[in-house]
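First the structure, in the form of structure tokens, and then the observations on it.
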């Protein structure tokens, strides 16, 4: 029934409506009863959705085409090139001494608006509603402080990496974090991190649910062999920032309070796991605690929408983390 209703919008005059209808159709084709329609829509998913300015639509195209058994190597490479080119333009635009700064600023201004980018929904709401007084942010979380004895050569169960030791990552909700994007395989993650994953554990099978990249401080959680969640180690993982504020290795209560003030969650978008972990559905972000001796630090989890139910989405390795 949903498929039939969406069908009327695939030929809409507004290209944004057409892309939204095609994205909805691609997701609906996961229903076995609609599977015979896959060959009909796969070409449009590749030529239209995979070329969208909206990064979430591009992700849907790659994820669905891969699930349908099609080769997405070129699409993954194109996404990486797009991301790298945009980062180069942004770096040039931020450099007041660069010769091409004005051209970079102009090119950034001409970039199509990405609805998956943080803040896009807020801007859309502001365009349709009367101005509201913004909720002041609470105090920003403080970055982690290295524990005594956490020098570069120190190795111990509670070693907390210094701020300068941590890689700096950003994330795009429901798309990816740092060099990782959802839908990657374990091998693709290893290549992106420059680290080989540990060998499969006995009885784990060919598609593990959980792989630890200890050198990078990352735990990758999979479903059907594809990345669906990234957990960042509070002690040694990269520092992931939102609006410049750190999310990794801070006091969990400070991170939670800051996120609540920043996002002003709509009803139902902020939930809590059975372990009282806050889950921000609009961001695809959960904050879990991780022990470091007598201290408790924030361990951010970046998730796809279908992984927000932490109780069922997280394997025992994550729940049993000390």
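Residue numbers (this note's numbering): 513 to 834. Glycine included, C-beta positions come from ideal geometry on N, C-alpha and C.
*Under a Cβ-count criterion, where at least 16 other Cβ atoms within 10 Å of its own Cβ denotes burial, should residue 681 be classed as buried or exposed?*
buried
| task | Pick out the complete alpha helix (DSSP H) segments inside the region 675 to 731, 4 residues or longer, and give them in chain order. | result | 698 to 705
Residues of its chain near residue 793, where Cβ-Cβ distance is below 6 Å and the 5 sequence neighbours each way are ignored
781 and 820
**Request:** Leaving aside the five residues before and after residue 572 along the sequence, list all residues of the same chain whose C-beta is less than 7 Å from its C-beta, in chain order.
**Result:** 535, 538, 539 and 561
Legend entry - Residues that DSSP places opposite residue 799 in a beta bridge: 812
query: The alpha helix (DSSP H) spanning residue 534 covers which residue range?
result: 527 to 540
Can you name, in chain order, every residue of its own chain whose Cβ lies under 8 Å from the Cβ of residue 610, other than the five neighbours on each side? 604 and 616
*asked:* Short of 6 Å in beta carbon distance, which residues of its chain neighbour residue 802, apart from the five on each side in sequence? Order them along the chain.
replied: 746, 809 and 811
Can you tell me whether DSSP reads residue 673 as helix, strand or coil?
coil
Is there contact here, the region 738 to 757 with the region 688 to 701, by at least three beta-carbon pairs under 8 Å?
Output reads yes: the region 688 to 701 touches the region 738 to 757.
Open item on the list: For residue 822, which residues in the same chain have their Cβ closer than 7 Å to its Cβ, ignoring the five residues on either side in sequence?
Closed with: 785, 789, 791 and 798
* **Check whether residue 814 and residue 689 have beta carbons under 8 Å apart** => Yes, they are a contact pair.
Original post:
If residue 720 and residue 734 are in contact, beta carbons under 8 Å, what's the gap, nearest whole angstrom?
Top reply: 6 Å
Note down, in chain order, each residue of its chain lying with its Cβ closer than 8 Å to the Cβ of residue 574, except the 5 sequence neighbours on either side. These residues qualify, in order along the chain: 562, 584, 587, 588, 591 and 695.
On a CA-only basis, which of 579, 568 and 760 is nearest residue 673? Give me that one, please. 760
Around the Cβ of residue 686, are there at least 16 other Cβ atoms within 10 angstroms (buried) or fewer (exposed)?
Burial is judged here by how many other beta carbons sit within 10 angstroms of a residue's own beta carbon; residue 686 has at least 16 and is buried.
Local conformation of residue 514 per DSSP, three classes: Of the three classes helix, strand and coil, the one that applies to residue 514 here is helix, per DSSP.
| task | Name, in chain order, the residues that DSSP records as bridge partners for residue 827. | result | Residue pairing for residue 827: DSSP places it in no beta bridge.
Q. For residue 739, which three-state DSSP category applies?
A. Assignment of residue 739 by DSSP, reduced to helix, strand and coil, places it in the strand class.
Can you pull the DSSP bridge partners for residue 792? The partner list for residue 792 (beta bridge, DSSP) reads 782 and 797.
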